[in-house]
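Enquirer: One structure follows; several queries about it will come next.
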């Protein structure tokens, strides 16, 4: 079984491709015809190699935000020593990151909505609450296994054949740490509609952007605001001469106020794009702190990549420094930054397979997407 996609450098790409039996896919036009035209919601691991994704290590802060954090975060640092570029309402922040409301899942909707940030707590309760009807248990008659003449249990007859002897499957080095999403709690959450996850993410972004963050309204005279975008966006772009369609689950946009009172328009709809999933296929257990780490499948990673590429190609005027994708699965949230090489647009626009291969062989051309 091949490990998850983990290409981090140019040299990694061919090695990882061979591990997955996909060494023949080096450029976009190497994709089989059906896969070449798939919408991004159906992209798979082949697209990760064809579109040349490099996955950088995770970090506590995305590098693009480190300077702003050091300069302006009044939560981590004394606000009197910081610049005034980005400040937050500390009361709102403390209310958000403080204790979760007592017995969250048991409280009624009207009680949750009356709390500070009530809409967020209501959305969180809906996402984690088990709303399935408890199954009625009936007494079971004890059954004695039927003994057949000549039958021998293979777990006894063959040393080491019992799963309890080894504790994990020898075919996977990750088996000891992997927790499948089929225990009661995660199975209940995986049955939640995707819209429940989207609603929770939007509520969180509203609190973070429009209550916790003090946007510079004085500089813009209140005519510009950053806010969550509730509406889904469906986009189609030409890649290698083929139309590719993508649809996100919302995002973060910039709104502009018209001179005519009461009217606003959306200036940039893709400051960040939102992609929600109902559940992860599996979780890894962290022995050090007892936490669960969600594992993103190669197919989901490919879908993230596809949405980022389509949104970036559509809005390059605003997205010179790449694009942010907010990946949400149930109550897990991850902020991802995609950046594109200087020659990547040329690669996407090339309609000839030989020209694409000439581009990737040219060491002076930067034709990669980097994700962190």
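Numbering (our numbering), first residue to last: 351 to 722.
A virtual CB, placed ideally from N, CA and C, is assigned to each residue, including glycine.
Nothing here was measured: the structure is a model prediction, and the numbers come from that model.
1) Could you round the C-beta distance between residue 621 and residue 580 to whole angstroms and report it? I think they count as a contact, below 8 Å.
2) Is the beta carbon of residue 663 closer than 8 Å to that of residue 693?
3) Check the C-beta distance from residue 585 over to residue 603 and give it rounded, since I have them as a contact under 8 Å.
4) Can you give the Cα-Cα distance for residue 630 and residue 599, rounded to whole angstroms?
5) Which of the three DSSP states, helix, strand or coil, is assigned to residue 391?
6) Would you report the Cα separation of residue 719 and residue 607, rounded to the nearest angstrom?
7) Enumerate in chain order the residues of its own chain whose CB-to-CB distance from residue 587 is below 7 Å, with the five nearest sequence positions on each side excluded.
8) Does DSSP put residue 437 in a helix, in a strand, or in coil?
9) With respect to the beta strand (DSSP E) encompassing residue 626, which residues constitute its N-terminal and C-terminal limits?
10) Using the rule of at least 16 other Cβ atoms within 10 Å of the residue's Cβ for burial, across every protein chain shown, is residue 467 buried or exposed?
11) The beta strand (DSSP E) with residue 553 in it runs from where to where?
12) Kindly list the residues whose CB is nearer than 8 Å to the CB of residue 717, restricted to its own chain and excluding five residues on each side of it in sequence; keep chain order.
13) Residue 575 bridges to which residues according to DSSP?
14) Helix, strand or coil, according to DSSP, for residue 687 in the structure here?
15) Pick helix, strand or coil for residue 664, following the three-state DSSP scheme.
16) Nearest-angstrom Cα distance between residue 645 and residue 590?
17) Who does residue 643 pair with in a DSSP beta bridge?
18) Let me know the secondary structure DSSP gives residue 597 once reduced to three states.
19) Need the endpoints of the beta strand (DSSP E) that residue 584 sits in, please.
20) Are at least three pairs of beta-carbons, each pair with one atom in the stretch 638 to 656 and one in the stretch 386 to 400, less than 8 Å apart?
21) Starting from residue 368 and walking both ways along the alpha helix (DSSP H), at which residues does that stretch end?
22) Skipping 5 residues on each side, what residues in its chain have a beta carbon closer than 6 Å to that of residue 389?
Expert: On the basis of the supplied data:
1) The residue labelled residue 621 in the question sits at position 271 within the chain shown. The residue labelled residue 580 in the question sits at position 230 within the chain shown. The pair is not a contact, with the Cβ atoms about 14 Å apart (cut-off 8 Å).
2) For this step, residue 693 is matched to residue 343 along the chain shown. For this step, residue 663 is matched to residue 313 along the chain shown. Going by C-beta atoms, residue 693 is not nearer than 8 Å to residue 663.
3) Here the question's residue 585 lines up with position 235 in the chain shown. Here the question's residue 603 lines up with position 253 in the chain shown. Not confirmed; about 14 Å, so no contact.
4) As a first step, residue 630 must be located in the chain shown, where it is residue number 280. As a first step, residue 599 must be located in the chain shown, where it is residue number 249. For residue 630 and residue 599, the distance between alpha carbons rounds to 17 Å.
5) Reading the chain shown from its first residue, position 41 is the one you call residue 391. If DSSP states are grouped into helix, strand and coil, residue 391 belongs with the helices.
6) Working through the chain shown from its first residue, we reach residue 719 at position 369. Working through the chain shown from its first residue, we reach residue 607 at position 257. The straight-line gap from Cα to Cα measures roughly 35 Å.
7) Here residue 587 corresponds to residue number 237 of the chain shown, with the count starting at 1. Answer for residue 587: 594, 660, 663 and 664, listed in chain order.
8) Mapped onto the chain shown, residue 437 falls at position 87. DSSP, read as helix, strand or coil, puts residue 437 in strand.
9) What you label residue 626 is simply residue 276 of the chain shown in a count that begins at 1. Secondary structure note for residue 626: its beta strand (DSSP E) is the uninterrupted segment 614 to 627.
10) Within the chain shown, the letter at position 117 stands for residue 467. Per the 10 Å Cβ criterion, buried.
11) For the purposes of this step, residue 553 is taken as the residue at position 203 of the chain shown. From DSSP, residue 553 is part of no beta strand (DSSP E) but of the alpha helix (DSSP H) over 544 to 557.
12) As a first step, residue 717 must be located in the chain shown, where it is residue number 367. Excluding residues within five positions, the ones whose Cβ falls inside 8 Å are 402, 691, 693, 694, 696, 697, 709 and 710.
13) Your numbering for residue 575 matches position 225 in the chain shown. Residue 575 pairs with 605.
14) Locating residue 687 in the chain shown gives position 337, counting from the first residue. In the structure shown, residue 687 adopts extended strand secondary structure according to DSSP, grouped into three states.
15) Reading the chain shown from its first residue, position 314 is the one you call residue 664. Three-state DSSP puts residue 664 in a helix.
16) Within the chain shown, the letter at position 295 stands for residue 645. Within the chain shown, the letter at position 240 stands for residue 590. Inter-residue distance for residue 645 and residue 590 is about 31 Å (C-alpha atoms, whole angstroms).
17) As a working mapping, residue 643 is identified with position 293 in the chain shown. Note: residue 643 sits in a beta bridge opposite 634.
18) Here the question's residue 597 lines up with position 247 in the chain shown. Three-state DSSP puts residue 597 in a strand.
19) For the purposes of this step, residue 584 is taken as residue 234 along the chain shown, with counting starting at 1. From DSSP, the beta strand (DSSP E) with residue 584 extends over 584 to 589.
20) Between the stretch 638 to 656 and the stretch 386 to 400 there are three or more C-beta pairs closer than 8 Å, enough to call the two in contact.
21) The residue labelled residue 368 in the question sits at position 18 within the chain shown. Start and end: 362 to 369.
22) Counted from its first residue, the chain shown places residue 389 at position 39. Cβ within range, chain order: 595.
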